[in-house]
Amino acid sequence: MSDPAAPRIESEHGNVVVHLSGDIDFSNTETLETEISRAVLGADSIVIDLEAIEFLDSSGLRLLKRLSAHATEADASFVVVAPPNSVARSVIEIVSLSQELAVQDSLQPPNRP
Amino acid sequence: MGYVVPDGRGDAARARLSVSVTDPNGDFFEAERVAHLAAVVDASSDAIVSKTLTGTITSWNASAARIFGYAAEEIIGQNIRVLIPEERQAEEDEILARLRRGELIEHYETVRIAKDGRPVDVSLSISPVRDRMGRIVGASKIARDITTRRQAEEALAAANAKFESVFNQSGIFAAILDTNGAVRDINALALEASGYTRDDMVGRPYWETPWWGDSEHARARVRRAVERASSGESSAETLPYVMADGTERLVEFRMHPIVDDAGVTRFLHPTGIDITERVAAEAALKALEAEEREIALGLQRALLPASFVDRPGIALAAQYEAGSDVLEVGGDWFDAFDLPDGRLAVTVGDVVGHGLSAAAAMGQVRTALAALADHAAGPGEVLMRLEGFLARHETTDFATVCYAVIDPTTGVVEYASAGHPPILAVSAAGEISWLDQAQSPPLSGAYSPDRPQGSTLLEPGTLLVLFSDGLVERRKEPIDVGLRRLADAARAVADLPVEDVCTELIARLGVDEARSDDIAVLVVRLEAQPSARFERRFPAHSAQLRDLRTSMRGWLRALGVGEPMQRSVLLAVWEACANAIEHAYVDMAPSDVRVEMQAAGNGEVLVEVRDFGRFRSMTSSADRGRGTTIMRELTTDFRRESTSAGTVVRFRVESGAPFEHE
Numbered sequence: 001m002s003d004p005a006a007p008r009i010e011s012e013h014g015n016v017v018v019h020l021s022g023d024i025d026f027s028n029t030e031t032l033e034t035e036i037s038r039a040v041l042g043a044d045s046i047v048i049d050l051e052a053i054e055f056l057d058s059s060g061l062r063l064l065k066r067l068s069a070h071a072t073e074a075d076a077s078f079v080v081v082a083p084p085n086s087v088a089r090s091v092i093e094i095v096s097l098s099q100e101l102a103v104q105d106s107l108q109p110p111n112r113p
Numbered sequence: 114m115g116y117v118v119p120d121g122r123g124d125a126a127r128a129r130l131s132v133s134v135t136d137p138n139g140d141f142f143e144a145e146r147v148a149h150l151a152a153v154v155d156a157s158s159d160a161i162v163s164k165t166l167t168g169t170i171t172s173w174n175a176s177a178a179r180i181f182g183y184a185a186e187e188i189i190g191q192n193i194r195v196l197i198p199e200e201r202q203a204e205e206d207e208i209l210a211r212l213r214r215g216e217l218i219e220h221y222e223t224v225r226i227a228k229d230g231r232p233v234d235v236s237l238s239i240s241p242v243r244d245r246m247g248r249i250v251g252a253s254k255i256a257r258d259i260t261t262r263r264q265a266e267e268a269l270a271a272a273n274a275k276f277e278s279v280f281n282q283s284g285i286f287a288a289i290l291d292t293n294g295a296v297r298d299i300n301a302l303a304l305e306a307s308g309y310t311r312d313d314m315v316g317r318p319y320w321e322t323p324w325w326g327d328s329e330h331a332r333a334r335v336r337r338a339v340e341r342a343s344s345g346e347s348s349a350e351t352l353p354y355v356m357a358d359g360t361e362r363l364v365e366f367r368m369h370p371i372v373d374d375a376g377v378t379r380f381l382h383p384t385g386i387d388i389t390e391r392v393a394a395e396a397a398l399k400a401l402e403a404e405e406r407e408i409a410l411g412l413q414r415a416l417l418p419a420s421f422v423d424r425p426g427i428a429l430a431a432q433y434e435a436g437s438d439v440l441e442v443g444g445d446w447f448d449a450f451d452l453p454d455g456r457l458a459v460t461v462g463d464v465v466g467h468g469l470s471a472a473a474a475m476g477q478v479r480t481a482l483a484a485l486a487d488h489a490a491g492p493g494e495v496l497m498r499l500e501g502f503l504a505r506h507e508t509t510d511f512a513t514v515c516y517a518v519i520d521p522t523t524g525v526v527e528y529a530s531a532g533h534p535p536i537l538a539v540s541a542a543g544e545i546s547w548l549d550q551a552q553s554p555p556l557s558g559a560y561s562p563d564r565p566q567g568s569t570l571l572e573p574g575t576l577l578v579l580f581s582d583g584l585v586e587r588r589k590e591p592i593d594v595g596l597r598r599l600a601d602a603a604r605a606v607a608d609l610p611v612e613d614v615c616t617e618l619i620a621r622l623g624v625d626e627a628r629s630d631d632i633a634v635l636v637v638r639l640e641a642q643p644s645a646r647f648e649r650r651f652p653a654h655s656a657q658l659r660d661l662r663t664s665m666r667g668w669l670r671a672l673g674v675g676e677p678m679q680r681s682v683l684l685a686v687w688e689a690c691a692n693a694i695e696h697a698y699v700d701m702a703p704s705d706v707r708v709e710m711q712a713a714g715n716g717e718v719l720v721e722v723r724d725f726g727r728f729r730s731m732t733s734s735a736d737r738g739r740g741t742t743i744m745r746e747l748t749t750d751f752r753r754e755s756t757s758a759g760t761v762v763r764f765r766v767e768s769g770a771p772f773e774h775e
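Heads up: the protein sequence lines correspond to chains H and U, in order. Counted from 1, the first sequence has number 14 at position 14 by our numbering; the numbering is strictly sequential. Just add 113 to the spot in the second sequence (first one is 1) and you have our numbering.
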């Protein structure tokens, strides 16, 4: 088990990518929410990278939902990156959250037809 | 009546004030003014004398009488030459000639003779006196007694000479600058040592002297030091400087203001000491220390077992971690070896001292202990014999050691400790105990007849932790706080593979502060058939829950449960516990949460999570219900029952759980 590292933030021209790693559970969602909300303030596009997540619980899913809702209110795009078979993807799919959240397989934008 | 008008230049102004009192045609006001001026003249501390152009004295004030010893009555009418020494008579001719030409003579320093024949150093200021028609008719003469000043000047010159000798002969580079930083003087050493001439230096701004070469940095720093010193502030720093032959060296440079009695900075005084050799020596010493640390560390590692042989029924791992301080290497050891009767001996110890000698002593102690172990009846006797060995061979006069012999077939452990922290035992159920019934003083080389030993029966799955005090000791903290921290950490990681237990313990206990001491940790687990049952009861705090995940993972792994199913069990149990913590103890004191898991023969895991609070129906929001959704999706036969005694959640997780399919 690993403690969550502080979110690593990449920010360029209004595009903010938040890389999360380690464990997300109800013991740290509050802290994470504060840090992420601060980082994405005023962003046009927000990407939450969950590829390195080792544990994600329902409070972590609620956090993603709230972040997504705030992004919509702020007219920002919101995408979660969780590769197939990753811990985060499994949990997201179990509760069918992939229908409510934009989930991408990788950090590369999907090919447009 | 006439007098010379002051020109407003301080002393000179006073010097010019002189009177002729011989005018018979003055009116009343003129007479009053004259009287007033005469009073001023008499009050002056300088001798004020007037004379005709042939040298006849016409007036003589009180100070003149005091300085030269003649009363006015006896000297007026005499020639001024009576005051002039024989060898200086020509001066008067010169003075009179200049007066006739209307010139002023100012601050002319010479010697005059008092009535008693004593020479008096005087500073003369002489001005012509004109009549109303503007004709020069005489001279007024102010003589200031400068005997005292002369003496002071001579004393100063002597002091200067002394200073010069210090200035030029000390081992310190020194210079004198004016307050603008221009070099006034520089000592011989500073020139000789660096190969420059006085002309290279004197007159230049100090920061532009060739010492500082092309270094903009050095020049800027020196200039800054000059500015600070000009405002009265000393400074010091180390700077590179360049010799005449181009060699670069280091100087420890200081700049002091030289302040007069009134607090005004008059000069700046830079000094310097060449510290090139000192710095090089310090660097060499540091390199030597680092090298010794490397050697000691290398020796330490060479003397410690590189790996352990696998033994059936026993998992064994150890780790050594050097301290952060350069020389804090060596001394701690661990070891494990088989005894002839098939039992396993384990030990951790610490030879006092650091560096090469401690590492070497450690090697001897460790070898001696292994050799003695075969022939001793038990751990207490091993320590007694070891102490005898240390005394005979003068290996070390202070070491602590704990030593234990484990019988893997029965679970019996015999142990003894000489001044060393006790062995920590964590049972499979997470219970903590300390093997502390056989503590005796450290090995000091003085023979102790009685080294007690203890024994205990370990349950299968118990983890033993042997460690050196570097793992638990913190400055300004009682040792039992450190021991408690170790117990908590060990309980949290007890289900991990033993190698990971070592790593985790060092990581968890070593992160808070820079650790100077080295650490040795040795971990043994009596393997048992993995228990089909897992039970944990803990207070409803989230901090404890995280450790629960670690334990569960260890148990599932030991059962051979695959990674995807581990994830399902971990998440489902976690959500059940989180619900209990969040909802069971609303408006009441939090109590415990209990987790029980049972491995069924068909690869299923049966789970029961129980709390002892009151169930509150969860808010109906879809978000809140996600935890339940997760549990239902991951498990089979999910049931939740709430009674007045609390809530029980039961479910099964089958192999081939959802996480295996995507």
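For each residue, glycine too, the CB sits at the ideal point set by N, CA and C.
Option in the options with minimal Cα separation from residue i
i                   : options                                : result
phenylalanine 447/U : Leu635/U, Leu482/U, Ala602/U           : Leu635/U
proline 555/U       : Val539/U, Ala435/U, Arg745/U, Pro534/U : Pro534/U
methionine 368/U    : Tyr354/U, Ala349/U, Asp374/U, Ile386/U : Ala349/U
threonine 292/U     : Gly574/U, Glu305/U, Arg337/U, Pro323/U : Arg337/U
threonine 575/U     : Ile545/U, Asp582/U, Leu596/U, Gly595/U : Ile545/U
serine 68/H         : Arg8/H, Ser45/H, His13/H               : Ser45/H
threonine 351/U     : Asp327/U, Trp320/U, Ile388/U           : Ile388/U
Interface residues of chain U facing residue i [CB-CB closer than 9 Å]
i            : result
serine 106/H : Within 9 Å Cβ-Cβ: nothing; serine 106/H doesn't reach chain U, min ~15 Å.
valine 95/H  : Arg739, Thr742, Ile743, Glu746
Length of the line joining the Cα atoms of residue i and residue j
i                : j                : result
proline 137/U    : isoleucine 189/U : Low confidence applies here, because proline 137/U scores a pLDDT of 46, under 50, leaving its location unreliable; read the following figure in that light. One C-alpha to the other measures close to 19 Å.
threonine 732/U  : leucine 107/H    : Since pLDDT at threonine 732/U reaches only 49, below the 50 mark, its modelled position is unreliable, and no value is offered.
leucine 302/U    : isoleucine 592/U : 58 Å
glutamate 204/U  : glutamate 222/U  : 11 Å
leucine 166/U    : glutamate 216/U  : 13 Å
leucine 412/U    : valine 578/U     : 25 Å
serine 27/H      : alanine 6/H      : 14 Å
threonine 620/U  : glycine 558/U    : Contrary to the premise, residue 620/U reads as alanine rather than threonine in this sequence. If you take the alpha carbons of alanine 620/U and glycine 558/U, they lie about 35 Å apart.
tryptophan 173/U : aspartate 159/U  : 11 Å
asparagine 15/H  : valine 81/H      : 14 Å
arginine 670/U   : proline 562/U    : 48 Å
serine 343/U     : alanine 295/U    : 12 Å
isoleucine 180/U : valine 195/U     : 14 Å
alanine 431/U    : arginine 498/U   : 25 Å
arginine 723/U   : alanine 542/U    : 17 Å
Outcome for residue i when other beta-carbon atoms lying within 10 angstroms are tallied against a minimum of 16
i                : result
serine 82/U      : No statement about residue 82/U is possible, as the shown extent of chain U runs from 114 to 775 and does not include it.
arginine 564/U   : buried
valine 464/U     : buried
glutamate 500/U  : buried
serine 11/H      : exposed
alanine 691/U    : buried
proline 383/U    : buried
arginine 332/U   : buried
asparagine 300/U : buried
threonine 522/U  : exposed
Within chain H, the residues that residue i reaches when beta carbons sit closer than 7 Å
i               : result
glutamate 390/U : Those within 7 Å of glutamate 390/U in chain H number zero; the least Cβ separation is about 47 Å.
Local conformation of residue i per DSSP, three classes
i               : result
leucine 65/U    : Since the displayed chain U opens at 114 and closes at 775, residue 65/U lies outside it and no answer follows.
glycine 567/U   : strand
glutamine 550/U : coil
threonine 460/U : strand
valine 375/U    : First, the amino acid is wrong: residue 375/U is alanine here, not valine. Correct three-state label for alanine 375/U: coil.
glutamine 264/U : helix
alanine 274/U   : helix
glutamine 477/U : helix
glutamate 434/U : strand
Under 8 Å by beta carbon: chain U residues contacting residue i
i              : result
valine 91/H    : Leu684, Ile743
aspartate 57/H : Leu684, Trp687, Glu688, Ala691, Gly740, Ile743
Neighbouring residues, chain H, relative to residue i (Cβ below 8 Å)
i              : result
arginine 680/U : Val87, Ser90
arginine 659/U : Met1, Asp23, Asp25, Ser27
Below-7 Å beta-carbon distance, residue i vs any chain B residue
i             : result
glycine 215/U : Looking at the structure shown, chain B is missing, and the protein chains on hand are H and U.
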